[in-house]
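Visitor:
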Amino acid sequence: QEPNKTHDEL
Amino acid sequence: MNIFRFLGDLSHLIAIVILLLKIWKSRSCAGISGKSQALFAVVFTTRYLDLFTNFISFYNTGMKVVYIACSYAMVWMIYSKFKATYDGNHDTFRVEFLVAPTAILAFLVNHDFTPLEILWTFSIYLESVAILPQLFMVSKTGEAETITSHYLFALGVYRTLYLFNWIWRYQFEGFFDLIAIVAGLVQTILYCDFFYLYITKVLKGKKLSLPA
Numbered sequence: 030q031e032p033n034k035t036h037d038e039l
Numbered sequence: 223m224n225i226f227r228f229l230g231d232l233s234h235l236i237a238i239v240i241l242l243l244k245i246w247k248s249r250s251c252a253g254i255s256g257k258s259q260a261l262f263a264v265v266f267t268t269r270y271l272d273l274f275t276n277f278i279s280f281y282n283t284g285m286k287v288v289y290i291a292c293s294y295a296m297v298w299m300i301y302s303k304f305k306a307t308y309d310g311n312h313d314t315f316r317v318e319f320l321v322a323p324t325a326i327l328a329f330l331v332n333h334d335f336t337p338l339e340i341l342w343t344f345s346i347y348l349e350s351v352a353i354l355p356q357l358f359m360v361s362k363t364g365e366a367e368t369i370t371s372h373y374l375f376a377l378g379v380y381r382t383l384y385l386f387n388w389i390w391r392y393q394f395e396g397f398f399d400l401i402a403i404v405a406g407l408v409q410t411i412l413y414c415d416f417f418y419l420y421i422t423k424v425l426k427g428k429k430l431s432l433p434a
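Chains Z and H are the protein sequences, given in the same order.
For reference, each letter of the first sequence is one residue, going 30 to 39 in the numbering used here.
For reference, each letter of the second sequence is one residue, going 223 to 434 in the numbering used here.
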């Protein structure tokens, strides 16, 4: 499953 | 990556560096809440566990490592190196009132019921309120050193810029993450009162002191 997008944020 | 997010990250980094330098140069952590700093160490640790599971970019990995390292350096300075100057008597906020509800909420409201996801959600919720022991300390002593005010201001600006980042992402990528947005809003609102004092007092060269 693709990780949630905000997880690329700090 | 848009400009708001980059400036937000930068502001976050500046806040942390300001505080580290303040403590290191003055050899004192007076007026700083060790509890808030310990909570931030927990926030970074629980959020950045994905360092081990997926790679996003060198920027992302580098910043995460720096944030974690700085937060532990801070905790070490307050509770070990400069312990004698730590103002524990005024740092009396009960952190269990923050940790327990945010932990329960992370179990109840999350994107995915998996350990990493729950820890990520917990860190988002906890971060939104982690500054409360520090704000409580400032209100208890009725004042803050100017440099501490700069730290709080830069830290508040960071999450405010992230709000603009999320508006941007919604607008141009059609993407939004309600958990992050709501927590970010709460976090920003907690700083509003402080922003007012900072602009009306500190920027005019006065020390931040609260009316008795």
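Where a beta carbon is used, it is the ideal one built from N, C-alpha and C, also for glycine.
Please read these numbers as outputs of a predicted model, since none were measured by experiment.
May I ask you to list, following chain order, the residues of the region 280-294 of chain H that have a beta carbon less than 8 Å from some beta carbon of chain Z?
Guide: So the close ones are ASN282, MET285, LYS286 and TYR289.
Visitor: Counting only Cβ pairs nearer than 9 Å, list the residues of chain C close to ARG381 (chain H).
Guide: You won't find chain C in this structure, because its protein chains are Z and H.
Visitor: Measuring straight from C-alpha to C-alpha, what distance separates GLY310 (chain H) and LEU241 (chain H)?
Guide: C-alpha separation (whole angstroms): 17 Å.
Visitor: Count the CB pairs spanning the region 375-390 of chain H and the region 405-413 of chain H that are closer than 8 Å, and state whether there are at least three.
Guide: At 8 Å Cβ cutoff, the stretches touch.
Visitor: Would you decide whether LEU330 (chain H) is buried or exposed? Buried here means 16 or more other CB atoms lie within 10 Å of its CB.
Guide: Looking at its Cβ environment, which holds fewer than 16 other Cβ atoms inside 10 Å, LEU330 (chain H) is exposed.
Visitor: Of all the alpha helix (DSSP H) runs that stay within the bounds of the region 306-391 of chain H, which reach a length of 4 or more residues?
Guide: If we require 4 residues or more, the alpha helix (DSSP H) runs fully inside the region 306-391 of chain H come out as 318-330, 337-351 and 354-363.
Visitor: Give a yes or no on whether the C-beta atoms belonging to ALA237 (chain H) and LEU419 (chain H) are separated by under 9 Å.
Guide: Contact flag unset, no.
Visitor: Which two residues bound the contiguous alpha helix (DSSP H) that contains ASN282 (chain H)?
Guide: 280-298 is the extent of the alpha helix (DSSP H) around ASN282 (chain H).
Visitor: Taking Cβ to Cβ, would you say LEU354 (chain H) is nearer than 9 Å to SER431 (chain H)?
Guide: Cβ atoms of LEU354 (chain H) and SER431 (chain H): not closer than 9 Å.
Visitor: Quick check: what's the CA-CA separation for LYS286 (chain H) versus LYS429 (chain H)?
Guide: One C-alpha to the other measures close to 33 Å.
Visitor: CA-CA distance, VAL424 (chain H) and HIS372 (chain H)?
Guide: Cα to Cα, the separation comes out at about 8 Å.
Visitor: Look at ILE254 (chain H) and GLN356 (chain H) and say whether their C-beta atoms are less than 9 Å apart.
Guide: A contact, by the Cβ cut-off of 9 Å.
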